[in-house]
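S.K.: Once you know that position 264 of the sequence shown is 608 in my numbering, the rest is easy, because the numbers rise by one and skip nothing.
Beta carbons are placed, not taken as given, at the ideal position from N, Cα and C, and that holds for glycine.
I'd like to ask some things about the structure below.
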Amino acid sequence: MFLLNLLIFVNINKALAVNKNLSFQSHLFLLKLGLFKLAQIKSICVAINQSNINVYKKYSQSDIDKLLATVDYLKIDDIKVDLEFIQKIEVSRKAYKSNSSNQINYFINLDNGYEKYIEAMKSKYKKELRREVRRFYEAFETVELVYFNQQDEVSRFMTDMHIIHNKSWKNGTLNELETDTLNELVDKRLWLGAILYANGEPISYMHGTLNSDDEYLLIHNGYDDSSKHLKPGKVLISKIIENHMQFNIRSIDFGSGSSVYKKIFCNDANDIYSALITPKRSKYSFLFQVQAWLDAFYLIVKRTSERLNLDHKLRSIVRKS
């Protein structure tokens with residue numbers, strides 16, 4: 345499998361005309377075959393999520409068309425299912441929705457406390473998790489979990505997060521988050537970061553927003569790939585769950601997607617809607633269709649590899665590429 349090192353630049357000057365109140369952002373649209381990145385395309389979008397969805401629900405079809413004339417596409421992330429809005433936003437437009445797992449929101453419900461959560465976990469996962477946490481702590485002289493939620497801690501978090509991310513298999517997929525944005529969240533007491541250090545070195549991280557319902561909403565997480573055999577990502581999540589009352593966390597929302605760790609940790613889920621929306625005759629309409637074909641082909645490859653017990657080898661190849 346050859347990777348195409350293609351980078352398509354889109355004129356971003358048109359974005360200057362966008363109302364500053366809109367959630368306008370630069371974004372990398374990835375053409376990929378499973379985890380194989382074939383191309384990354386620099387684009388401009390308007391981000392729509394549950395925090396600002398009510399603004400866009402008031403838009404007429406004409407308003408939506410005008411908005412799409414200023415950007416490449418609308419990026420809708422993890423909103424609650426609203427059939428009326430979905431029909432309005434999709435009609436006469438091209439929508440890319442990725443796979444079905446991206447239409448399900450996975451989260452950890454901790455309403456009954458840590459002990460009840462662990463009791464309800466499948467025995468297989470419980471034993472596996474305890475064994476992995478013990479093995480991780482035995483592998484290092486010192487292990488420390490550090491939380492970040494103060495202004496004077498943001499800079500250190502950002503530095504160590506990037507150190508980890510640059511050693512992660514996710515390297516290159518991190519949407520830049522400005523320090524000023526985190527500082528604004530910190531001012532409102534709406535942000536929490538966590539980094540696991542082993543022998544003084546940052547090895548895994550997670551950060552997200554805290555809302556008034558005591559929900560911890562994941563922004564991003566990752567781990568040093570050279571230590572993946574010690575499961576640093578799972579260890580970090582397990583310790584955050586164990587310490588959830590330290591920050592009065594009642595649920596941890598991991599968003600959509602079918603990552604293995606969600607299957608292990610998450611005990612609840614609900615339907616959501618995520619999509620990229622663009623005019624039908626735009627160049628991104630064509631790119632969305634290409635990606636849909638790639639998704640369909642990869643699904644065939646994935647199912648075949650699972651039947652032949654080759655899926656672990658494929659993931660290993662991807663991580664080394």
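Just the Cα atoms here: how many angstroms apart are Gln384 and Lys460?
M.R.: Here the question's residue 384 lines up with position 40 in the sequence shown. Here the question's residue 460 lines up with position 116 in the sequence shown. Distance between the alpha carbons of Gln384 and Lys460 is about 44 Å.
S.K.: I'd like to know if the region 617 to 634 and the region 414 to 434 are in contact, where contact means that at least 3 CB-CB pairs between them fall below 8 Å.
M.R.: Short answer: they touch.
S.K.: DSSP three-state label for Arg474, please.
M.R.: Along the sequence shown, read from residue 1 onward, the residue named residue 474 stands at position 130. Three-state result, Arg474: helix.
S.K.: Report the partner residues of Tyr424 according to the DSSP bridge assignment.
M.R.: Sequence index remark: in the sequence shown, residue 424 carries index 80 (1-based). In the sequence under discussion, the amino acid at residue 424 is Lys, which differs from the Tyr named in the question. Partner(s): Ile616.
S.K.: Give me, in chain order, the residues of the same chain whose beta-carbon lies closer than 6 Å to that of Phe480; leave out the 5 immediate sequence neighbours on both sides.
M.R.: Position 136 of the sequence shown holds residue 480. Correct list, in chain order: Leu574 and Val579.
S.K.: Which one of Asn555, Leu652 and Leu374 has the shortest CA to CA distance from Leu631?
M.R.: Position 287 of the sequence shown, counting from 1, holds the residue named residue 631. Nearest C-alpha to Leu631: Leu374.
S.K.: Give the C-beta separation of Gln447 and Lys438 to the nearest angstrom, bearing in mind that I take them to be a contact with Cβ-Cβ under 8 Å.
M.R.: Counting from one through the sequence shown, the residue named residue 447 turns up at place 103. Counting from one through the sequence shown, the residue named residue 438 turns up at place 94. Not quite, the Cβ-Cβ distance comes to about 17 Å (not below 8 Å), so this is no contact.
S.K.: Run through the DSSP bridge pairs and tell me what Ile452 is partnered with.
M.R.: Walking along the sequence shown from the start, residue 452 turns up at place 108. Ile596, per the DSSP bridge assignment.
S.K.: Is the beta carbon of Thr486 sitting closer than 9 Å to the one on Asn543?
M.R.: Position 142 of the sequence shown holds residue 486. Position 199 of the sequence shown holds residue 543. Yes; because the gap between Cβ atoms is below 9 Å, this pair is in contact.
S.K.: With a CB to CB cut of under 8 Å and the five nearest residues on each side skipped, what residues in its chain are close to Ser499?
M.R.: If you number the sequence shown from 1, residue 499 lands on position 155. Counting only Cβ-Cβ distances below 8 Å, and skipping sequence neighbours, we find Thr523.
S.K.: Per DSSP, Lys419 forms a beta bridge with which residues?
M.R.: Here residue 419 refers to the residue found at position 75 when the sequence shown is read from its first residue. Beta-bridge pairing links Lys419 to Ala391 and Leu620.
S.K.: For Leu643, which residues of its own chain have a beta-carbon under 8 Å away from its beta-carbon, when the five flanking residues on both sides are left out?
M.R.: Translated into the one-based positions of the sequence shown, residue 643 becomes position 299. If we look at Leu643 and ignore the five residues flanking it on each side, its Cβ neighbours are Asn443.
S.K.: Enumerate in chain order the residues of its own chain whose CB-to-CB distance from Ser570 is below 7 Å, with the five nearest sequence positions on each side excluded.
M.R.: Position 226 of the sequence shown, counted from the first residue, corresponds to residue 570. The residues are Lys511.
S.K.: Between which residues of its own chain and Asp421 is the CB-CB distance below 6 Å, once the five residues before and five after are set aside?
M.R.: Along the sequence shown, one-based indexing puts residue 421 at 77. Asn393 and Ser618.
S.K.: Start and end of the alpha helix (DSSP H) containing Arg647?
M.R.: Locating residue 647 in the sequence shown gives position 303, counting from the first residue. Its alpha helix (DSSP H) spans residues Lys627 to Arg651.
S.K.: Which residues bound the alpha helix (DSSP H) around Thr523?
M.R.: Taking the first residue of the sequence shown as 1, we reach residue 523 at position 179. Taken as a continuous stretch (DSSP letters only), the alpha helix (DSSP H) holding Thr523 covers Thr523 to Asp531.
S.K.: May I ask you to report which of helix, strand or coil DSSP gives Leu540?
M.R.: Stepping through the sequence shown from its first residue, residue 540 is reached at position 196. Residue state, collapsed to three classes: strand.
S.K.: By DSSP, does Gly601 sit in helix, in strand, or in coil?
M.R.: Against the sequence shown, residue 601 aligns to sequence position 257. Here Gly601 sits in coil by DSSP.
S.K.: Below 8 Å, can you find three or more Cβ-Cβ pairs linking the region 391 to 409 to the region 591 to 602?
M.R.: No, the region 391 to 409 does not touch the region 591 to 602.
S.K.: Is it buried or exposed for Phe641, if we count other Cβ within 10 angstroms and need 16 for buried?
M.R.: Within the sequence shown, the letter at position 297 stands for residue 641. Classification of Phe641: exposed, given that the 10 Å Cβ count is below 16.
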